[in-house]
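Heads up, the thing below is written out as structure tokens.
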């Protein structure tokens with residue numbers, strides 16, 4: 005508008021169109037067109053009017069030029085086709101509408117002028133969702149915002165493989181003091197551990213934490229009643245802090261931490277990968293960076309140094325840390341298999357067989373694993389590494405676990421209580437192929453329930469003297485009553501038995517069966533025990 009007033013003022017002073025165009029660095033044709041339009045509007049060349057009157061004339065007769073940057077001449081050309089332009093914009097973009105009209109010769113303006121005209125005269129309706137409404141300013145110690153952000157590729161020194169390194173970030177809303185901790189996994193344990201480290205770093209706890217809806221913190225997003233992860237909810241109770249998830253898909257609910265992510269990635273990690281030789285070293289460097297670099301910069305919004313604002317105003321009002329440290333643990337679910345084992349974090353643990361086929365809640369810490377059924381503790385184990393088993397024999401039915409409980413050491417101990425003969429027989433039996441002879445040793449001990457310890461001791465002594473302390477031999481001696489009869493110990497003791505000797509069908513199954521040479525097998529037991537079946 006001021007340029008048009010200048011043109012008309014010089015024209016009234018008697019300057020030529022060439023002089024006006026040269027002085028204002030515009031086209032002579034443009035000056036001529038402006039003058040023609042002014043004369044048409046009733047402005048005479050003489051007498052000259054004041055600057056105020058000329059400004060009022062331009063505002064009245066050239067309203068399109070008031071406060072606009074687009075040339076009045078081209079604006080007249082586009083105003084004529086305003087409806088056509090508006091109709092074209094309903095289905096096409098600005099560039100497409102201009103290209104079609106320009107190619108057909110209906111307009112001669114440039115694309116930039118055309119865009120400026122559309123922006124000024126035909127603006128798109130404002131989407132209310134685009135409007136950002138800032139909430140009330142944070143007060144010291146009121147809330148913090150947390151999120152994960154990607155730092156970049158990282159070379160794992162243990163494996164030599166490149167992995168993606170992430171950063172847990174917590175920023176205090178008032179002072180903008182920040183805590184950063186590098187992680188490789190964004191799982192539940194890393195999420196909880198990072199919170200504990202953040203509270204220790206700040207030396208206190210805020211009233212509220214605004215977080216994203218990631219699974220480590222929120223199991224089911226809901227604007228009114230979000231379902232928090234169980235362990236995360238218990239952490240909030242321990243530290244007396246309100247956990248307030250942002251709306252799903254609304255990152256602007258936590259703008260401070262969202263805006264901080266590129267800054268952390270650029271200033272903390274890029275070009276400094278050597279400071280992250282391992283996660284602990286990287287974590288210590290990140291804490292130092294938060295205090296000595298990020299904390300002393302002048303924040304472009306608050307115009308203050310975050311660490312100074314934190315020390316002076318926010319730290320004194322933070323809630324104190326609890327007296328007892330919170331033990332980091334996570335919750336899981338596990339189903340009891342038919343063998344009474346539950347698979348938890350790659351390891352296996354037994355629970356009482358009464359819980360068979362049920363699904364239990366499991367709380368895992370670094371030290372132990374606890375199993376819960378409807379809130380009641382049903383089993384506690386010390387934690388074992390992946391692939392290992394933690395077995396409590398008491399969790400199995402007594403009749404199903406007896407064999408595994410009665411080890412060779414147990415058998416020898418029980419045999420010594422029954423007598424030297426029993427101990428000698430079982431000791432000799434377990435000398436060779438211990439695992440194969442274990443069931444026979446257990447069977448010999450059970451014979452005391454039927455025949456008594458005294459008779460069993462005599463029978464075992466007789467069998468051991470003849471070098472055949474097998475279960476069936478001892479049993480046949482007892483059944484035949486040979487344990488109470490005198491016998492002569494052979495001068496040359498037979499070779500010890502090296503086979504398992506577990507003849508499941510007994511000697512009667514072999515009685516009368518012909519041998520390979522046509523001679524019938526005998527059941528005579530010259531040592532007082534059962535004769536082994538002859539080879540066929």
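In the working numbering, the protein residues as written are 5 to 540.
Don't be surprised by glycine CBs; every beta carbon is placed ideally from N, CA and C.
Treat the numbers as computed from the prediction; the structure is a model and nothing was measured.
DSSP bridge partner residues for residue i (one or two, in chain order)
i: residue 365; result: 337 and 376
i: residue 385; result: 373
i: residue 191; result: DSSP output for residue 191 lists no bridge partner at all.
i: residue 249; result: 215
i: residue 354; result: 345
i: residue 149; result: 175 and 214
i: residue 154; result: 170
i: residue 466; result: In the DSSP output, where bridge partners are listed per residue, residue 466 has none listed.
i: residue 400; result: According to DSSP, residue 400 bridges with nothing at all.
i: residue 186; result: 171
i: residue 209; result: 323
i: residue 442; result: According to DSSP, residue 442 bridges with nothing at all.
i: residue 3; result: Nothing in the structure corresponds to residue 3, since the chain is present only between 5 and 540.
Check whether residue i and residue j have beta carbons under 7 angstroms apart
i: residue 121; j: residue 82; result: yes
i: residue 340; j: residue 359; result: yes
i: residue 441; j: residue 451; result: no
i: residue 295; j: residue 155; result: no
i: residue 310; j: residue 180; result: yes
i: residue 200; j: residue 184; result: no
i: residue 242; j: residue 330; result: yes
i: residue 335; j: residue 235; result: yes
i: residue 301; j: residue 177; result: no
i: residue 298; j: residue 182; result: yes
i: residue 475; j: residue 444; result: yes
i: residue 105; j: residue 152; result: no
i: residue 12; j: residue 58; result: yes
i: residue 32; j: residue 21; result: yes
i: residue 363; j: residue 337; result: yes
i: residue 460; j: residue 418; result: no
i: residue 293; j: residue 272; result: yes
Reference residue i; option with closest CA among the options
i: residue 361; options: 368, 95 and 345; result: 345
i: residue 175; options: 118, 201, 247 and 264; result: 264
i: residue 283; options: 11, 187 and 486; result: 187
i: residue 93; options: 107, 368, 63 and 125; result: 125
i: residue 422; options: 371, 434 and 455; result: 455
i: residue 395; options: 162, 433, 347 and 140; result: 347
i: residue 211; options: 418, 323, 232 and 489; result: 323
i: residue 262; options: 273, 294, 214 and 299; result: 214
i: residue 377; options: 369, 365, 370 and 371; result: 365
i: residue 466; options: 483, 490 and 332; result: 490
i: residue 473; options: 447, 287 and 484; result: 447
i: residue 16; options: 462, 6, 42 and 218; result: 42
i: residue 315; options: 381, 245 and 144; result: 144
i: residue 100; options: 86, 118, 85 and 84; result: 118
i: residue 217; options: 277, 401, 162 and 258; result: 258
i: residue 280; options: 166, 44 and 196; result: 166
i: residue 494; options: 475, 12, 482 and 468; result: 468
i: residue 381; options: 393, 367 and 391; result: 367
i: residue 399; options: 424, 343 and 26; result: 343
i: residue 52; options: 62, 89, 14 and 44; result: 14
i: residue 50; options: 163, 19 and 87; result: 19
i: residue 541; options: 91, 142 and 131; result: The structure shown does not extend to residue 541, since the chain spans only 5 to 540, so no value can be given for it.
i: residue 482; options: 471, 248 and 457; result: 457
i: residue 424; options: 410, 96 and 464; result: 464
i: residue 193; options: 6, 370, 480 and 402; result: 370
CB-CB length for residue i against residue j, believed under 8 angstroms
i: residue 35; j: residue 24; result: 5 angstroms
i: residue 488; j: residue 462; result: 7 angstroms
i: residue 332; j: residue 197; result: 5 angstroms
i: residue 206; j: residue 291; result: Contact flag wrong, Cβ pair sits at about 11 angstroms.
i: residue 110; j: residue 85; result: 6 angstroms
i: residue 350; j: residue 391; result: 6 angstroms
i: residue 232; j: residue 246; result: With 8 angstroms as the limit, residue 232 and residue 246 do not qualify as a contact, their Cβ atoms being about 11 angstroms apart.
is_contact[residue i, chain C] using C-beta, thresh 7 angstroms
i: residue 35; result: The structure shown contains no chain C; it is built from a single protein chain.
TODO: Say whether the region 249 to 259 touches the region 353 to 360, bearing in mind that this needs 3 or more beta-carbon pairs closer than 8 angstroms, one atom from each stretch.
DONE: Verdict: no, contact absent.
Open item on the list: Is it the case that the region 145 to 160 contacts the region 108 to 120, given that we only count it when at least three CB pairs across the two stretches are under 8 angstroms?
Closed with: Under the Cβ criterion (8 angstroms, minimum of three pairs), the region 108 to 120 does not count as touching the region 145 to 160.
Open item on the list: Using a Cβ distance threshold of 8 angstroms, determine whether the region 426 to 437 contacts the region 375 to 387, with at least three qualifying pairs required.
Closed with: Here the region 426 to 437 makes no contact with the region 375 to 387; the two share fewer than three CB pairs at distances below 8 angstroms.
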